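Q: The structure that follows is given in the form of structure tokens.
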Amino acid sequence: MKICVIGCGNVARVLKEKLEEELVFYDRHPEKCKELCENCFFEDPIEMFESGCDLIVEAASPKAVEELGLEAVKRADLLVLSVGALINEELREKLIKVAEESGHKVYVPSGAIAGIDAIKALREVGIDEVRITVRKNPKSLGVETSEEKVLFEGSAEEAVKKFPFNVNVVATLKLASGAPVKVRVVADPKVDRNIHQIEVISKASNVFIRVENVPSPYNPKTSYLAILSVLRTIKEIAKGGVLRVGT
Numbered sequence: 001m002k003i004c005v006i007g008c009g010n011v012a013r014v015l016k017e018k019l020e021e022e023l024v025f026y027d028r029h030p031e032k033c034k035e036l037c038e039n040c041f042f043e044d045p046i047e048m049f050e051s052g053c054d055l056i057v058e059a060a061s062p063k064a065v066e067e068l069g070l071e072a073v074k075r076a077d078l079l080v081l082s083v084g085a086l087i088n089e090e091l092r093e094k095l096i097k098v099a100e101e102s103g104h105k106v107y108v109p110s111g112a113i114a115g116i117d118a119i120k121a122l123r124e125v126g127i128d129e130v131r132i133t134v135r136k137n138p139k140s141l142g143v144e145t146s147e148e149k150v151l152f153e154g155s156a157e158e159a160v161k162k163f164p165f166n167v168n169v170v171a172t173l174k175l176a177s178g179a180p181v182k183v184r185v186v187a188d189p190k191v192d193r194n195i196h197q198i199e200v201i202s203k204a205s206n207v208f209i210r211v212e213n214v215p216s217p218y219n220p221k222t223s224y225l226a227i228l229s230v231l232r233t234i235k236e237i238a239k240g241g242v243l244r245v246g247t
């Protein structure tokens with residue numbers, strides 16, 4: 001299986017260390033790719049897409065999804081890590097349309113939160129309310145404060161615009177639930193983990209989830225669990241198989 005990766009940052013480094021599949025890379029800053037691999041990167045994304053990719057992994061930014069997502073999914077299955085980009089309904093529908101026309105799939109990993117299966121199941125009866133509190137050390141949020149501080153309260157759409165590199169979990173929750181999501185983002189100097197508290201209320205079940213994630217050793221903005229989720233998703237895609245656990 002040949003995996004083509006957009007972005008030569010934190011995630012790309014882990015994929016190169018942990019995966020046995022053939023990997024090639026593209027980044028708009030080629031010097032980042034050279035640090036990963038001297039002879040396995042492209043300076044043109046379309047050239048990479050047309051090199052025989054079985055799976056294209058977007059591991060760069062929401063802007064990369066906007067600019068390259070449609071061209072990518074024309075040529076191969078696409079795994080989107082910058083899930084916040086998919087909050088844009090117009091872009092999301094275009095990706096789905098092109099994927100259907102080309103016979104490819106768009107994958108979104110569960111990322112740094114748990115309970116996605118249960119939340120998706122509750123859509124069958126309707127979800128009344130979804131709330132999430134994202135609590136991180138101020139350094140992870142790029143702010144300075146000596147005490148707990150609420151940085152944001154609002155919708156998923158607003159949160160993704162304000163924190164495009166910190167709240168992919170919010171976008172994933174929005175896509176999984178199909179319901180409005182009330183978001184709080186808290187900077188807390190007392191915590192050394194990325195904490196996500198989720199409440200989902202429906203007539204079938206009330207779901208309460210708390211995940212305390214160790215930050216990635218490469219990038220404190222990213223939870224290590226999010227990286228592991230990407231690895232597991234890719235391995236599941238690569239091996240195929242007839243037994244599938246979860247929805």
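Numbering (the UniProt record's numbering), first residue to last: 1 to 247.
Ideal placement from N, C-alpha and C gives every residue a C-beta, glycine not left out.
Please read these numbers as outputs of a predicted model, since none were measured by experiment.
Just to confirm, are residue 171 and residue 156 a CB contact at a threshold of 8 Å?
A: Contact flag set, yes.
Q: Please report the Cβ distance between residue 202 and residue 122, rounded to the nearest whole angstrom; I am assuming they are in contact, meaning their Cβ atoms lie under 8 Å.
A: Yes, residue 202 and residue 122 are in contact; Cβ-Cβ is about 5 Å, under 8 Å.
Q: Between the beta-carbon of residue 173 and the beta-carbon of residue 127, is there less than 8 Å?
A: No, these two residues do not count as a Cβ contact at 8 Å.
Q: Sorted by chain position, which residues of the same chain lie with C-beta nearer than 7 Å to residue 124's C-beta, five sequence neighbours on each side aside?
A: The answer is none, since no qualifying residue turns up.
Q: Helix, strand or coil for residue 26, going by three-state DSSP, please let me know.
A: Residue 26: strand per DSSP, three-state reduction.
Q: From what residue to what residue does the beta strand (DSSP E) around residue 230 run?
A: Counting along the chain, residue 230 falls outside any beta strand (DSSP E), though it belongs to the alpha helix (DSSP H) covering 224-239.
Q: What does the Cβ neighbour count give for residue 68, buried or exposed, with the cut at 16 atoms within 10 Å?
A: Per the 10 Å Cβ criterion, buried.
Q: Bridge partners of residue 155, per DSSP?
A: 182, per the DSSP bridge assignment.
Q: Between which two residues does the beta strand (DSSP E) containing residue 119 stretch?
A: Run containing residue 119: none in the beta strand (DSSP E); it sits in the alpha helix (DSSP H), 116-122.
Q: In angstroms with no decimal places, state the Cα-to-Cα distance between residue 197 and residue 236.
A: Cα to Cα, the separation comes out at about 27 Å.
Q: Quick check: residue 106 and residue 74, are their CB atoms within less than 8 Å of each other?
A: Going by C-beta atoms, residue 106 is not nearer than 8 Å to residue 74.
Q: Measure the beta-carbon distance from residue 32 to residue 9 and round it to whole angstroms, keeping in mind my assumption that it falls under 8 Å.
A: Yes, they are in contact, since the Cβ atoms of residue 32 and residue 9 sit about 7 Å apart, within 8 Å.
Q: Pick from 6, 130, 84: whose alpha carbon is nearest that of residue 209?
A: Closest by alpha carbon: 130.
Q: What does the Cβ neighbour count give for residue 62, buried or exposed, with the cut at 16 atoms within 10 Å?
A: Label assigned to residue 62: buried.
Q: Check whether the Cβ atoms of residue 221 and residue 110 sit closer than 8 Å, and answer yes or no.
A: No, they are not a contact pair.
Q: Starting from the N-terminal side, write out each stretch of the beta strand (DSSP E) that is 3 residues or longer and does not extend beyond the segment 79-154.
A: Runs of the beta strand (DSSP E) inside the segment 79-154: 127-136.
Q: Reducing DSSP to helix, strand and coil, say where residue 39 ends up.
A: Coil.
Q: Which partner residues of residue 202 appear in the DSSP bridge assignment?
A: For residue 202, which the question treats as bridged, DSSP gives the partners 127.
Q: To which residues of the same chain is residue 22 closer than 6 Å at the C-beta, ignoring the five residues directly before and after it?
A: Excluding residues within five positions, the ones whose Cβ falls inside 6 Å are 2.
Q: Starting from the C-beta of residue 66, find all residues in its chain whose C-beta is less than 8 Å away, skip the five residues before and the five after it, and write them out in chain order.
A: Here the set comprises 85, 88, 91.
Q: Look at residue 185 and residue 163 and say whether their C-beta atoms are less than 8 Å apart.
A: Yes, the pair counts as a contact, with Cβ atoms nearer than the cut-off.
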